[in-house]
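For the sequence shown, the positions run 359 to 475 when my numbering is used.
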Amino acid sequence: QEYLRQTMPKLLARLYILDKARSNLPENRYASSSSNFSDDVPTPRKIIGRQIKSGHPHYLIEWVLGKKEEEDQLIFVTSEWQSIVDAKMSALVDAFRRNEQKSQNEENRREMFGQGR
Numbered sequence: 359q360e361y362l363r364q365t366m367p368k369l370l371a372r373l374y375i376l377d378k379a380r381s382n383l384p385e386n387r388y389a390s391s392s393s394n395f396s397d398d399v400p401t402p403r404k405i406i407g408r409q410i411k412s413g414h415p416h417y418l419i420e421w422v423l424g425k426k427e428e429e430d431q432l433i434f435v436t437s438e439w440q441s442i443v444d445a446k447m448s449a450l451v452d453a454f455r456r457n458e459q460k461s462q463n464e465e466n467r468r469e470m471f472g473q474g475r
């Protein structure tokens, strides 16, 4: 059970991204549009960093699985290809870049004016 608890959310997150990547393909009219599993679909919360894996840029994405009002939400992190995330999750990328720029500006300000003066 512990193995499933660690593995399944990451697989569901990868399927979520791949499904977003396929969104420009024609719709499958045979697929069910109503889903009873909306609470079982991971939701990307935010990008928490960058990394290079095997020479390719990746984002570290924090995900949430479970209802918003539940206390036992599962929060986990995956490493996803930067190019796919840039193309299909632009709102998340924009928020991350704004946060990065804000952090850089604060760091520059501290360097210019000294710390705590």
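All residues carry an ideal CB built from backbone N, CA and C; glycine is no exception.
Residue i: buried (16+ other C-beta within 10 angstroms of its C-beta) or exposed?
i    : result
L373 : exposed
Y361 : exposed
L423 : buried
A453 : exposed
K446 : buried
Considering only their Cβ atoms, is the gap separating residue j from residue i smaller than 8 Å?
i    : j    : result
Y417 : V443 : yes
I405 : L450 : yes
E420 : R403 : yes
Please name the residue, chosen from the options, that lies closest to residue i on a Cα-to-Cα basis.
i    : options                   : result
K368 : H414, I405 and I433       : I433
I375 : T401, M366, T365 and Q359 : T401
Any beta carbon from chain B within less than 8 Å of residue i's own beta carbon?
i    : result
Q462 : Chain labels in this structure do not include chain B; a single protein chain is all it has.
For a test of your reading of the model: does the CB of residue i fall under 7 Å from any non-hydrogen atom of the ligand COA? Yes or no.
i    : result
S461 : The model on display carries no ligand, and the ligand COA is accordingly not part of it.
If contact is defined by three or more beta carbon pairs under 8 Å, each pair taking one atom from either stretch, is the stretch 435-442 in contact with the stretch 453-461? no
Any chance you could list the alpha helix (DSSP H) runs of at least 4 consecutive residues sitting entirely within the stretch 425-457, in chain order? 440-446
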